[in-house]
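Here the structure comes first, spelled out in structure tokens, and everything after it is commentary.
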Amino acid sequence: MKYLVLYSVFFFFAFRSVAQKPLVQLTVEPKTANVGDVITISVKSNIHGDIEVDLPQSFTQGYDIMNGMEQETDYNTGRTVTYYFYSHTGTMEKEGTFTFGPAYVKKGNKVYRSNTVSVTIKKEAPEVQSDVQLTPRQLREPAFGIITQSAKSIYEGEPLVLSAKIYTRFNATHLENYRPFAMDGVIDKHDIGNSSRILLEEARIRGNNYFTFDYDKKVVFPTGSGKQKIDPFKLILHSAFDAVSITSSGASVEVKPLPAGAPSSFTGGVGTFTITREVSDTRLRQGDVFTMKVTISGTGNLQNIGEPELDLPDGFSPYGDPVMTEDLTYSFKGAEGSITFEFNIQVNRSGDLTFPKTAFAYFDPKKEKYIETATEPMLLKIQANPNFSALPNAENPMSSTLDTWSPMREEFKGHSSNALDFGSPLYWGLLGSPLFLGLIFGLWMRRKQENEQVPAVYEHPSRDEIIAEFEILARSHPERNNAFYAAIQYTLETHICACLRLHAIENPSNEYIVHQLIKHGATDTQISRYTSLLSSCENAQYGMGFAAIDAEQVLMDARIFILELHNA
Amino acid sequence: MKRLTPLLILFFGIYANAQNDIDEAIALHNRREYNNAAALFEKIAEQNPENTDAYFNLGNSYRKLNQNGNAIWAYQKVLKRNPSDEQSAENIQRCRASLGLTDSPFQVATQFERAIVGVGLTTWTYLSLFLSVILGLCLFFLLRKKDFSRLPVLRFICYATIPLLCFTIFSAYSLQAYLTAKTFGIITSKSAPVFVNDLGERSTLSLPEGTMVKFESLHKTKTSVTLKNGKHVLLSERDIRWI
Numbered sequence: 063m064k065y066l067v068l069y070s071v072f073f074f075f076a077f078r079s080v081a082q083k084p085l086v087q088l089t090v091e092p093k094t095a096n097v098g099d100v101i102t103i104s105v106k107s108n109i110h111g112d113i114e115v116d117l118p119q120s121f122t123q124g125y126d127i128m129n130g131m132e133q134e135t136d137y138n139t140g141r142t143v144t145y146y147f148y149s150h151t152g153t154m155e156k157e158g159t160f161t162f163g164p165a166y167v168k169k170g171n172k173v174y175r176s177n178t179v180s181v182t183i184k185k186e187a188p189e190v191q192s193d194v195q196l197t198p199r200q201l202r203e204p205a206f207g208i209i210t211q212s213a214k215s216i217y218e219g220e221p222l223v224l225s226a227k228i229y230t231r232f233n234a235t236h237l238e239n240y241r242p243f244a245m246d247g248v249i250d251k252h253d254i255g256n257s258s259r260i261l262l263e264e265a266r267i268r269g270n271n272y273f274t275f276d277y278d279k280k281v282v283f284p285t286g287s288g289k290q291k292i293d294p295f296k297l298i299l300h301s302a303f304d305a306v307s308i309t310s311s312g313a314s315v316e317v318k319p320l321p322a323g324a325p326s327s328f329t330g331g332v333g334t335f336t337i338t339r340e341v342s343d344t345r346l347r348q349g350d351v352f353t354m355k356v357t358i359s360g361t362g363n364l365q366n367i368g369e370p371e372l373d374l375p376d377g378f379s380p381y382g383d384p385v386m387t388e389d390l391t392y393s394f395k396g397a398e399g400s401i402t403f404e405f406n407i408q409v410n411r412s413g414d415l416t417f418p419k420t421a422f423a424y425f426d427p428k429k430e431k432y433i434e435t436a437t438e439p440m441l442l443k444i445q446a447n448p449n450f451s452a453l454p455n456a457e458n459p460m461s462s463t464l465d466t467w468s469p470m471r472e473e474f475k476g477h478s479s480n481a482l483d484f485g486s487p488l489y490w491g492l493l494g495s496p497l498f499l500g501l502i503f504g505l506w507m508r509r510k511q512e513n514e515q516v517p518a519v520y521e522h523p524s525r526d527e528i529i530a531e532f533e534i535l536a537r538s539h540p541e542r543n544n545a546f547y548a549a550i551q552y553t554l555e556t557h558i559c560a561c562l563r564l565h566a567i568e569n570p571s572n573e574y575i576v577h578q579l580i581k582h583g584a585t586d587t588q589i590s591r592y593t594s595l596l597s598s599c600e601n602a603q604y605g606m607g608f609a610a611i612d613a614e615q616v617l618m619d620a621r622i623f624i625l626e627l628h629n630a
Numbered sequence: 004m005k006r007l008t009p010l011l012i013l014f015f016g017i018y019a020n021a022q023n024d025i026d027e028a029i030a031l032h033n034r035r036e037y038n039n040a041a042a043l044f045e046k047i048a049e050q051n052p053e054n055t056d057a058y059f060n061l062g063n064s065y066r067k068l069n070q071n072g073n074a075i076w077a078y079q080k081v082l083k084r085n086p087s088d089e090q091s092a093e094n095i096q097r098c099r100a101s102l103g104l105t106d107s108p109f110q111v112a113t114q115f116e117r118a119i120v121g122v123g124l125t126t127w128t129y130l131s132l133f134l135s136v137i138l139g140l141c142l143f144f145l146l147r148k149k150d151f152s153r154l155p156v157l158r159f160i161c162y163a164t165i166p167l168l169c170f171t172i173f174s175a176y177s178l179q180a181y182l183t184a185k186t187f188g189i190i191t192s193k194s195a196p197v198f199v200n201d202l203g204e205r206s207t208l209s210l211p212e213g214t215m216v217k218f219e220s221l222h223k224t225k226t227s228v229t230l231k232n233g234k235h236v237l238l239s240e241r242d243i244r245w246i
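Top to bottom, those sequences are chains A and B. For the first sequence, the numbering used here begins at 63 and goes up steadily by one. For the second sequence, the numbering used here begins at 4 and goes up steadily by one.
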């Protein structure tokens, strides 16, 4: 019996120590919000069961619900843990401080409860509307848009909340092709409390009733100072199957530079912050490396705060780069939460050493001045270590700074995206144009050259040469046969062409010659004489002796005809 | 010269503006404003995708922010455009070691892509334009004379330029496809849940930051990717940054 009790007790404690501890964790984001802003409630648990969350009465649950599970492995223990997730969104209707939770996970007869989360809901900050007055034209439109902004003038680094506000005369159902408002110099922007649905409210402007809704609410952190323009947004608003295109009016904001005289511990923080510090151990041995966590909490441009400078006295040396951990959410107040810098520091001396305070300065835009806060100094008790010998360079070679092994590259290389891009119409145009032009101009040049080649003109003989030619013709054909008449015919044709200064063509037809004679003003008598000569020659050649032709007469007539034509 | 002056002013204006941005981003980094530096480097890299130095510096800023997944992505962007950048390859190894990743990542570029990427897309583009001008001139001189036999040198240049022009266009096209294709990605969130289906139902698995994945197909709300071990998984697009 005694052993049974002992075994029972042993197994009870053994199981209890090995068993997984139940975890039910409730998170609500953001912890500060406006009335109507979207709030996300998430429950994470390693127990699979029914999840219920105690919510304030003024909380209206939204439609975005998500659940699931995932497994995480603890690499130290090798144990795999399954976590179940549940999250949903909603909005708060009233202002005040509300407690969310606890969340309950019911499994069988057991109920596990979570932590509670306190959330501050504020009345929506008064919006400063764009300085562009509503024009009568805008008011006549079925729908129009303006950009709302949380302030008209801010300091550099201070958050600015912008949103698109749309006024419609009809019941809008959905929108598309939204092109957001844009602001030069803003690279740091975050969505806040945006709903995926259009939540219409009623408004009255200059006696007219409108539906209105906010869209694309963003917190932005402008850089640079001066008046900065906010370019309008565009969208297409639908009411069932009807659509209206909207282009909003623009806006501007004055970004003031931070005043001069920033303390040396200022690392760019604009907002309201506190600093805390903790060390892993205050009792150390000489040569030990201890971890110091410096946490900066608050609201403002927390995400842009640089690491605070540590004032390391003799006997302390940094051990590698600090590791930065962010735990922040974005709300209309800017980045809210904390940022932790984890420094590893080696102690090289022994004795009671005082580690000085760590100072942190920030600019408070409401008070419009720099405020410096600091942690308390702390005492470290260091035990002497005779085996310890400090390194000449105490910095750990293993964790040399990133800048040492990877220096920044300072020279600009590359080209603007406006340059000629491969595949663009401009590229294909430039590629094709030399080929096209080469082809076109080449062919054009060839054609031009061909046209410029003037055909030869019949030589224009003198009167004596004509007479001589006819004498040669008479002598060369003593038999007065067909060849003689053909030679007369050829001589007639060539001399007429020469007299009329026609271009040389092979075998000009009789019709062509008659046509040219008429064209050059030959008389009817001349034309009939020519045709008569031709018919005589052809009859002599092809008439087979039926017609009596006087060869000498034909030769003489031909010579007279040509000489007359030559003289004319 | 008068006509060229506005063009020169525009070119040097763009160049000076980009150099100013680089200087400002480096100053932000040196002032330990890593968030702002990273955002500005992102902007510069977006505007000048061929500027590998902006991606390299972006990787350094992300490394400082302890965002190793994003840092690996930025260094991979450098390697994609300059596969011989040993410093980026080393930095990837360091980031992967910080994340406890031991498996070897995918090889982003093929041998051919590694060969053509060294020349650069701009060079291939302008080379093809130059060759088209040469070919255009050859065509002009050849066509204006009927008798080609009198111009053997021109004929040779013309015949040699045609395949060269085709090759440069093909190289530029391949390189552009390689540079714009979203083939490989890096998990940049701390833990990317693996989904069972397109409806958002999660599986019990999740992929660690810095894991390299290969694009498979795009579903309605999720993206199908392949892991180095050949497994196909569904991930949310917001957990991945494509190289």
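From the three backbone atoms N, C-alpha and C, an ideal C-beta is built for every residue, glycine too. In this text, all values refer to a predicted model and were calculated from it rather than measured experimentally.
Check, Outcome
"To be precise: take each residue of the region 140–166 of chain A, compare its Cβ to all Cβ atoms of chain B, and keep it if any distance is under 9 Å. Which residues remain?", "Thr142, Thr144, Phe147"
"If contact is defined by three or more beta carbon pairs under 8 Å, each pair taking one atom from either stretch, is the region 202–220 of chain B in contact with the region 34–45 of chain B?", "no"
"Report yes if the C-beta distance between Gly631(A) and Glu404(A) is below 9 Å; otherwise report no.", "A question about residue 631(A) goes unanswered here, because the residues of chain A that appear run from 63 up to 630."
"At 3 residues or longer, what runs of the beta strand (DSSP E) sit wholly inside the region 80–107 of chain B?", "none"
"Looking at the unbroken alpha helix (DSSP H) that takes in Met507(A), where does it start and where does it end?", "487–514"
"For Thr361(A), which residues in chain B fall below 9 Å Cβ to Cβ?", "Under the 9 Å cutoff, chain B gives no residues; its nearest Cβ is about 16 Å from Thr361(A)."
"Say whether the region 30–37 of chain B touches the region 591–599 of chain A, bearing in mind that this needs 3 or more beta-carbon pairs closer than 8 Å, one atom from each stretch.", "no"
"How do the region 323–331 of chain A and the region 224–233 of chain A stand: do at least 3 beta-carbon pairs fall below 8 Å, yes or no?", "no"
"Does the beta carbon of Glu91(A) sit closer than 9 Å to a beta carbon anywhere in chain B?", "no"
"Would Gln179(B) pass as an interface residue toward chain A - the criterion being a Cβ-Cβ separation below 9 Å?", "yes"
"Chain A beta carbons: is any one of them nearer than 9 Å to that of His222(B)?", "no"
"Provide the residue span of the alpha helix (DSSP H) that contains Gln119(A), from first to last.", "Taken as a continuous stretch (DSSP letters only), Gln119(A) belongs to no alpha helix (DSSP H), as it is neither H nor E."
"Near Glu91(A), which residues of its chain fall below 6 Å by C-beta distance, leaving aside the five closest residues on each side in sequence?", "Thr102, Thr391"
"List, in order along the chain, the chain A residues whose C-beta lies closer than 7 Å to that of Gly139(B)?", "Pro496, Leu497, Leu499, Gly500"
"What does Ser209(B) touch in chain A if you count any residue whose Cβ is under 8 Å from its own?", "Glu132, Gln133, Glu134"
"Report the neighbours of Val136(B) on chain A: residues whose CB is nearer than 8 Å to its CB, in chain order.", "Pro496"
"How would you label Ile642(A), buried or exposed, when you count the other beta carbons within 10 angstroms and need 16 or more for buried?", "Examination of residue 642(A) is not possible in this model, given that chain A is present from 63 through 630 alone."
"Check the Cβ-Cβ distances between Glu204(B) and every residue of chain A, and say whether any is below 9 Å.", "yes"
"If we ignore side chains and look at the alpha-carbon of each, how far apart do Cys559(A) and Gly605(A) end up?", "27 Å"
"State the start and end residues of the unbroken alpha helix (DSSP H) segment that holds Thr128(B).", "124–147"
"How is the beta strand (DSSP E) around Asp414(A) delimited, first residue to last?", "413–417"
"Under the rule that 16 or more other beta-carbon atoms within 10 Å means buried, what is Val86(A), buried or exposed?", "buried"
"Mark Glu132(A) as exposed unless 16 or more other C-beta atoms lie within 10 angstroms of its C-beta, in which case mark it buried.", "buried"
"Taking just the CA atoms, how far does His222(B) sit from Glu238(A)?", "21 Å"
"For the region 80–87 of chain B against the region 57–64 of chain B, are there 3 or more C-beta pairs whose distance is under 8 Å?", "yes"
"Got a sec, what are the start and stop residues for the alpha helix (DSSP H) Ile308(A) sits in?", "Segment 304–309 is the beta strand (DSSP E) holding Ile308(A); no alpha helix (DSSP H) there."
"Among Tyr272(A), Gly333(A), Tyr240(A), which has the Cα closest to the Cα of Lys296(A)?", "Tyr240(A)"
"Taking the beta carbon of Asn480(A) as the centre, do at least 16 other beta carbons fall within 10 Å, making it buried, or is it exposed?", "With a pLDDT of only 48 at Asn480(A), under 50, the local geometry of the prediction cannot be trusted, and no value is derived from it."
"Given a limit of 9 Å on CB to CB distance, which residues of the region 369–387 of chain A reach chain B?", "Glu369, Asp383, Val385, Met386, Thr387"
"Chain A beta carbons: is any one of them nearer than 9 Å to that of Ser87(B)?", "no"
"List the residues that DSSP assigns as beta-bridge partners of Glu91(A).", "Thr102(A)"
"Please confirm if Asn39(B) has its CB atom under 9 Å from at least one CB of chain A.", "yes"
"Applying a beta-carbon distance threshold of less than 7 Å, which residues of chain A neighbour Thr128(B)?", "Leu482, Phe484, Tyr489"
"Report yes if the C-beta distance between Val223(A) and Val282(A) is below 9 Å; otherwise report no.", "yes"
"Tell me, which residues are paired with Trp247(B) by DSSP?", "With chain B covering only 4 through 246, there is no way to say anything about residue 247(B)."
"Since Pro523(A) and Leu138(B) should fall inside the 8 Å C-beta cutoff, what is the C-beta to C-beta distance between them, to a whole number of angstroms?", "53 Å between Cβ atoms; not a contact."
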